[in-house]
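J.:
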Amino acid sequence: MHILVRLMLTGTVAALAACATPPAPTPPPPAPSQAAVDALAQVRDRYQAGAYGDVIRTVATSDALATAPVDMRVESLKLQAFSYCVTGYRALCEDDFKRILELEPTFTLGPAEIGHPLWGPVFQRAKAATGG
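Numbering of the sequence shown is given in the numbering used here, commencing with residue 9 and proceeding in unit increments.
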């Protein structure tokens with residue numbers, strides 16, 4: 009009986025010790041590929057130039073952006089959403105904002121962006137639709 013109690017105590021102590029060890033730190037996200045960096049730079053340039061169709065097509069067809077780290081995907085989708093809004097495709101703009109919120113639930117637009125008359129209200133609808 010004494011041995012059984014000792015074994016139970018030893019097992020309990022071992023289990024408690026395992027609970028006390030901190031979890032391994034989360035590894036940092038992988039660095040973006042050069043193709044993703046180049047594609048995002050192209051999207052930024054085309055957006056600044058007002059070439060919204062190019063922005064929409066590049067984001068929609070770029071495998072490098074689709075597999076890029078979340079922050080890069082969010083930025084590219086945001087520029088695509090803005091491009092959809094300014095070209096009159098509000099439903100597609102809202103879809104992109106929903107995709108962004110799926111990737112990053114705490115995402116919000118900056119103060120100047122949220123007040124924009126085209127995409128500000130569309131973003132608010134997307135946020136409400138996703139429970140935000």
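Where is the CB? At the ideal position from N, CA and C, for every residue including glycine.
(1) Terminal residues of the continuous alpha helix (DSSP H) containing residue 59?
(2) Taking 9 Å as the cut-off, decide whether the C-beta atoms of residue 122 and residue 95 are in contact.
(3) Provide the residue span of the alpha helix (DSSP H) that contains residue 112, from first to last.
(4) Using 8 Å for Cβ pairs, my map puts residue 133 next to residue 111. What's the rounded Cβ distance?
(5) Check residue 12 in the structure and name its three-state DSSP category.
(6) Once you ignore the five residues that flank residue 98 on each side, which residues in its own chain have a CB closer than 6 Å to its CB?
T.: According to the structure data:
(1) The residue you call residue 59 lines up with position 51 of the sequence shown. Counting along the chain, residue 59 falls outside any alpha helix (DSSP H), and DSSP gives it neither H nor E.
(2) For the purposes of this step, residue 122 is taken as the residue at position 114 of the sequence shown. For the purposes of this step, residue 95 is taken as the residue at position 87 of the sequence shown. No. Outside cutoff.
(3) Residue numbering aside, residue 112 sits at position 104 when the sequence shown is read from its first letter. No alpha helix (DSSP H) contains residue 112, which DSSP labels as neither H nor E.
(4) Your numbering for residue 133 matches position 125 in the sequence shown. Your numbering for residue 111 matches position 103 in the sequence shown. The C-beta separation of residue 133 from residue 111 comes to about 18 Å, leaving the pair out of contact by the 8 Å criterion.
(5) Locating residue 12 in the sequence shown gives position 4, counting from the first residue. The predicted position of residue 12 is uncertain, since its pLDDT is 46 and thus under 50; a value taken from the coordinates is nonetheless stated next. Residue state, collapsed to three classes: helix.
(6) Translated into positions along the sequence shown, residue 98 becomes position 90. Counting only Cβ-Cβ distances below 6 Å, and skipping sequence neighbours, we find 130.
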